[in-house]
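K.L.:
Pasting a structure here, questions to come.
There are 2 protein chains.
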Amino acid sequence: MRPLFHPALDDVRPEAILHALSDPVRAAIFTQIAGMGCVQACSAFAAVGDRVIPKSSLSHHIKVLREAGLIRCERHGVEMRNHSRCSEVDQRFPGLIAAILNAYAKAGA
Amino acid sequence: MRPLFHPALDDVRPEAILHALSDPVRAAIFTQIAGMGCVQACSAFAAVGDRVIPKSSLSHHIKVLREAGLIRCERHGVEMRNHSRCSEVDQRFPGLIAAILNAYAKAGA
DNA sequence: TCAATAGTTCCGATATTCCGAACTATGGGA
DNA sequence: TCCCATAGTTCGGAATATCGGAACTATTGA
């Protein structure tokens, strides 16, 4: 299986990050990956709130987050493990992710 | 002419802000409205960088920014004046707009 | 009233998103 | 080794959103 594409930190674009997190479902997924601290398999997001997310849509959402540079995905056996790249991205765009996650938390995403 | 819709501060949604600013053209327009401090007519954005923006597209972009709660638009005579709502939005989502504009500035939007 | 300026609306072409169905990759038995 | 179950990806078509030219509306000044 070909390795998944992850942008280098210098290639991460603000518009990609904003686009990725402008979808409440993706924002919720990313909040969980970033906030839990621990690595999450995609199957952990089969539902967001009470909304069921089809596998194909979920796969697409994870891909958008990955290509935006927000998460890193590695296959471990049969499952994919998703790590946040928060600390990297925060170096390049200080405060950006925190402000976005705070905004969603306050608005009650 | 019917008055333009502006969301109340409490109705401003993070996803709308991120979506509005995930387009580099809109981000550039908003940077100019927010950063110049002074009010700008739409015609000030007939071009962004060296890219010409058609009037209809420009009108659409301004509408997206307005409906996201980022700007306030008022007709003054024959032209429309666009004010930023930065300070309001910053009360509701502290640091969000600053972090986004900093990110674009750093990436060289 | 007419012309000029500033924006808006309409609408067709293009691009994106969504999701079910089929497919691929990996690991664990028997 | 072969088969099955699990986890995720890809394909493809329907629904939706975006872009921009042309026509339209609103306002001011002559």
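Here the protein sequences line up with chains A and B, keeping their order. Residue 1 is where the first sequence starts when you use UniProt numbering, and the numbers rise one by one after that. Residue 1 is where the second sequence starts when you use UniProt numbering, and the numbers rise one by one after that. Think of the CB as a built atom: it goes at the ideal place given N, C-alpha and C, for glycine as much as any other residue.
#1: Using a Cβ-Cβ distance cut-off of 8 Å, determine whether Pro54(A) contacts chain B.
#2: Near Phe93(A), which residues of its chain fall below 7 Å by C-beta distance, leaving aside the five closest residues on each side in sequence?
#3: Taking all protein chains shown into account, do 16 or more other C-beta atoms lie within 10 angstroms of the C-beta of Val52(B), making it buried, or fewer, making it exposed?
#4: Give the range of the alpha helix (DSSP H) segment to which Met36(A) is assigned.
#5: Assign Leu70(B) to one of two classes, buried (16 or more other C-beta atoms within 10 Å of its C-beta) or exposed (fewer than that).
#6: So Ala34(B) and Leu101(B) are supposed to be a Cβ contact under 8 Å. How far apart are they, rounded?
#7: Evaluate Val89(B) with the Cβ neighbour count: other Cβ atoms within 10 Å of its Cβ, from every protein chain shown; 16 or more gives buried, anything less gives exposed.
#8: Between the beta-carbon of Ala68(B) and the beta-carbon of Ala103(B), is there less than 8 Å?
#9: Closer than 8 Å by beta-carbon distance: list the chain A residues that pair up with Arg13(B), in chain order.
P.N.:
According to the data block:
#1: Position 54 of the first sequence, counted from the first residue, corresponds to residue 54(A). No, Pro54(A) does not count as interfacial toward chain B.
#2: One-based indexing of the first sequence puts residue 93(A) at position 93. Apart from sequence neighbours up to five positions away, the residues of its chain that approach Phe93(A) with a beta-carbon distance below 7 Å are Pro14, ordered along the chain.
#3: Against the second sequence, residue 52(B) aligns to sequence position 52. With fewer than 16 other Cβ atoms within 10 Å, it is exposed.
#4: Translated into positions along the first sequence, residue 36(A) becomes position 36. Unbroken run through Met36(A): none, as it is neither H nor E.
#5: Against the second sequence, residue 70(B) aligns to sequence position 70. By the 10 Å Cβ count, Leu70(B) comes out buried.
#6: Here residue 34(B) is taken as the residue at index 34 of the second sequence, counted from 1. Here residue 101(B) is taken as the residue at index 101 of the second sequence, counted from 1. Under the criterion of beta carbons closer than 8 Å, Ala34(B) and Leu101(B) qualify as touching, at roughly 7 Å.
#7: For this step, residue 89(B) is matched to residue 89 along the second sequence. Buried is the call here.
#8: Translated into the one-based positions of the second sequence, residue 68(B) becomes position 68. Translated into the one-based positions of the second sequence, residue 103(B) becomes position 103. Not closer than 8 Å, so no.
#9: Your numbering for residue 13(B) matches position 13 in the second sequence. Contact of Arg13(B) with chain A by beta-carbon distance below 8 Å involves Ala107.
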